[in-house]
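Protein chains in written order, with the working numbering: chain R, 200 to 487; chain W, 227 to 747.
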Amino acid sequence: MEEGNWILATVIRAVALGTPILWGTLGEITAERSGVINLGVEGMMILGALAAFVVAHLTGQPTAGLVVAAAVGGAAALLHAFISITLRANQYVSGLALTMFGLGLAGLLGRGWEGRPLLDTLPEISALTYAGLGVAVALWVVFYHTRWGIVLRSVGEMPAAADALGVNVALVRYLAVAFGGVMAGAAGAFLSLAYRPAWTEGMTAGMGWIVIAIAIFAAWDPLRAVAGALLFGALFHLSFRLQAWVAPELLKMMPFAFTILALAATAGGRRGLGAPEALGTPYVTGER
Amino acid sequence: MNGVTAGRSSHPPPEAGAPNGAPLLALRDITKRFPGVLANDRVTLEVRAGEVHALLGENGAGKTTLVNVLYGLYQPDAGEIVVDGRRVRIRSPRDAIACGIGMVPQHFLLVRRHTVAENIALGLPQEGLLRPARRVERRIVEFATRYGLTADPGARIWELSPSEHQRVEILKALIRGARILVLDEPTSVLAPQEVSGLFDVLRRMKGDGHAVIFITHKLDEVGAIADRVTVLRRGRVVATVPAADVDRRALVQMMVGRDVESTLPRARAAAAGEALAAEALEADNDRGAPALRGLTLAVRRGEIVGLAGIAGNGQRELVEVLTGLRRAVRGRVRVLGRDVTNRTAAAICDAGVAHIPEDRVHMGVVATMTVAENLVLRRYRHPPFARGPLLDYDAIMRFAREMIAAYEIATPAATTPVRLLSGGNIQRLILARELAARPGVIIAAHPTSGLDVSATEHIHRLLLRRREEGAGVLLVSEDLDEVLALADRVAVIFRGRIADVLPVGDATPERIGLLMTGQAA
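What follows is the structure, encoded as structure tokens:
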């Protein structure tokens, strides 16, 4: 094998794996900017992956699979939104539950689908990759240069201020969380339609957790999320490439070890990082 | 919905003010009930265009409830709101804004990390979708020059002082088209000089035909700015009168329902020996920026030193360093002759420091625990309350009953959870706990903020008594009147240093005000 090919192949695979990470991260950043942390990314991704595979398999239309996956992700996110925004339950517990629920449900429903081939797939580097970059730029513009951005960020920083000016805090949060779910569902679809066109139980392999880490690592900035997604895409891929030399268990740990390192390096408390001030806090009118 | 209650007229109370056409705003027979409390009892209030209308009352009199009803944060149980002759229903702040009602809350609702322009552009749909902050800047400048409210649209909120925050809140309301502006205790965050600046702004607004509702419990301000004043007591309107027709004494009587002894009995101080000393203290705030920059201050035994200053000049950080809750980067802290720099809060407590914290509900008590348990929080580790690893609940209950009687804590039982107590009674509980051990040093942060006249009086007497018994008291307060009434010496803090320490006889509000704003050498 030639050296140049190896590097090119690595870059291509890094970009390919970076694509779902980027989609997931952009969604999570949006939700967290509104003040709602959603630890259910892994669950929404796996549900999206299964939905996409099943629909693509039945219809022969991978695009239809993608759309349904996004809808399924959005629906799963609405469940988290209802529990954490309307019922004001603990966001962390609700998100964890969503991950467990998603993994379990996908495993159960996906039993008969394992090992089946998918004939019509999506290319690894495709419109989805470019669309991810486009969404990142678009979100950056929305966050910092539009009225919606001010509303979204204010709701995440100080919902009482937004409420006092007539902004519907719950609605903004619902929309942001649902958007996060749509993006996570689409990210899952990419895994089962393009990256490894098949259905395997647990195929998200912890990517949802990395998404949450990158949201922090990127300081909730969509453009920095692009860099983070590519970096972690490369790490994910390297953990496959280096299998010949290093114990695979160690390599599988690598992205997560880097996650911990990245978080430790960028830590210094939530304040230091510039996390939305109301992140994780349910909003009750009249309480500050 | 008919707000007129049987047997009671819906007409406003008689008044002597010169009629000035129909009122711009009328609240008629507003009633608002909370579990166990009648916060507003058929309150009627009329405000005319071009007037500053003071709403005067003690804490708990129902002022804030009333304006929250007006701003759509609460729904009244009965009564009606009329704006410009039209009956309106205000279900949310959005409705209030649409009616031309703006509010400057006591605790500013500003996004700290955003710029002034972003805060003002928030929820202003008419500014268009793209670059709203840029578009709103022009209007900020326009309104700022018209009303004398200087503000830098590009500055981030956290960089600004409380008086600047207030200006941003006022601008926010005006740009939103408010013709009726409600200011909730607007002077509590201001230095004396800044108060006259605010009054100038209000006069210009008045001249423009705006109506201003000015909530306060400070009597001097009523005379200085208000055209008419409505006094509330226990949720009811006592009277609405032209401000020029009433004197201070009459207002107090309306507010409290009786004459109040305004001078506290005070023996001459016999200060001797050092109780508490801070030497060249340096410490950072929560954001890691320097908050104390070489602060030196001493409190002697048998004296009260009042720490005056505008909020955010290092008061909180100083109290936290002195009580072991924050690390000093440099400098020393001495308590009764012992060095306690950066010792733990428990060690400093054992060294004889009582701490009456600023946030009494969150820092002062464990709200879900009982009155008795909270009363022994300082000493539960020691006999007689502890017997080995176990607590002696008999001893705890005995002590609690003693304290409840001695400090007049109104609680159904010693086993009642503290969260069910009123603010004044929680503060009495904290004082009972902190003062029972006869500490040599008392650090009291805003001990009477939000309390009514009688609770305030009680707490002042307790502090004075401990001073006579030889304790050194550091009293941190934003209420200058309180500082001047209690302190033997007044230290003024500005930007993390003590600007000066004055004997109370030399400490005039003007002089302190200059020091508070860094304008005096």
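All residues carry an ideal CB built from backbone N, CA and C; glycine is no exception.
In the three-state reduction of the DSSP assignment, P643/W falls in the strand class, which pools E and B. Here the stretch 711-719 of chain W makes no contact with the stretch 448-458 of chain W; the two share fewer than three CB pairs at distances below 8 Å. Contact annotation: E306/W and R254/W have beta-carbon atoms nearer than 8 Å.
Residue range V240 to T258 is occupied by the alpha helix (DSSP H) that includes T258/R. For R382/W, the secondary structure class from DSSP, reduced to helix, strand or coil, is strand.
Beta bridge pairing from DSSP links M452/R with no other residue. Comparing C-alpha distances from E241/R to each of E227/R, A330/R and E231/R shows the shortest one belongs to E227/R. With respect to A369/R, A412/R sits apart: the two C-beta atoms are not nearer than 8 Å.
By the neighbour-count criterion, in which a residue is buried when 16 or more other Cβ atoms sit within 10 angstroms of its Cβ, D446/W is exposed.
Rounded to whole angstroms, the separation of the alpha carbons of A388/R and L449/R is 27 Å. Restricting attention to E708/W, E411/W and R645/W, the CA atom closest to the CA of L282/W is found in E411/W. Beyond the five residues adjoining it in sequence on each side, A386/R comes within less than 6 Å, by CB distance, of P219, W222, G223 and M244 in the same chain, given in chain order. The three-state reading of DSSP puts D732/W in helix, counting H, G and I together. Judged by beta-carbon spacing, A662/W lies within the 8 Å limit of M629/W, meaning their Cβ atoms are closer than that value. Chain W places no beta carbon closer than 8 Å to that of G259/R, leaving this residue out of the contacts.
Straight-line measurement puts the Cα of L478/R at about 40 Å from the Cα of R430/W.
Look at R352/R: its C-beta is under 8 Å from a C-beta on chain W. Residue pairing by DSSP leaves V472/W without any beta bridge partner. Interface with chain W (8 Å Cβ-Cβ cutoff): L434/R is excluded. A residue is called buried once 16 or more other Cβ atoms fall within 10 Å of its Cβ, and S391/R is buried on that count.
Contact check for I316/W and G298/W: beta-carbon distance about 4 Å, within the 8 Å limit, so the pair qualifies. Here the stretch 245-265 of chain R makes contact with the stretch 309-325 of chain R; the two share three or more CB pairs at distances below 8 Å. With respect to chain R, the C-beta atom of I323/W has a partner C-beta closer than 8 Å. Across the set L336/W, R372/W and L355/W, the C-alpha of L336/W shows the shortest separation from the C-alpha of M357/R. For G234/R, the nearest beta carbon of chain W is not closer than 8 Å to its own beta carbon.
In terms of Cβ geometry, G272/R and G380/R form a close pair [threshold 8 Å]. Buried is the label assigned to P421/R, since at least 16 other Cβ atoms lie within 10 Å of its Cβ. Leaving aside the five residues that flank R382/W on each side, the residues in its chain whose CB is nearer than 6 Å to its CB run, in chain order, T341. Secondary structure at N237/R: coil, using DSSP grouped into helix, strand and coil. Using a Cβ-Cβ cut-off of 7 Å, L356/W is close to H344 and T345 of chain R, given in chain order. In chain order, I349 make up the part of chain R whose C-beta sits under 7 Å from the C-beta of E344/W. Nearest to R212/R by C-alpha distance, out of E476/R, W444/R, A383/R and L434/R, is L434/R.
The beta carbons of I669/W and L706/W sit no closer together than 8 Å. Close partners of D319/R in chain W (Cβ separation under 7 Å) are lacking, with about 39 Å as the shortest Cβ gap. Unbroken beta strand (DSSP E) stretches of 3 residues or longer found wholly inside the stretch 528-559 of chain W: 530-534, given in chain order. For K258/W, DSSP records a beta bridge to N266/W.
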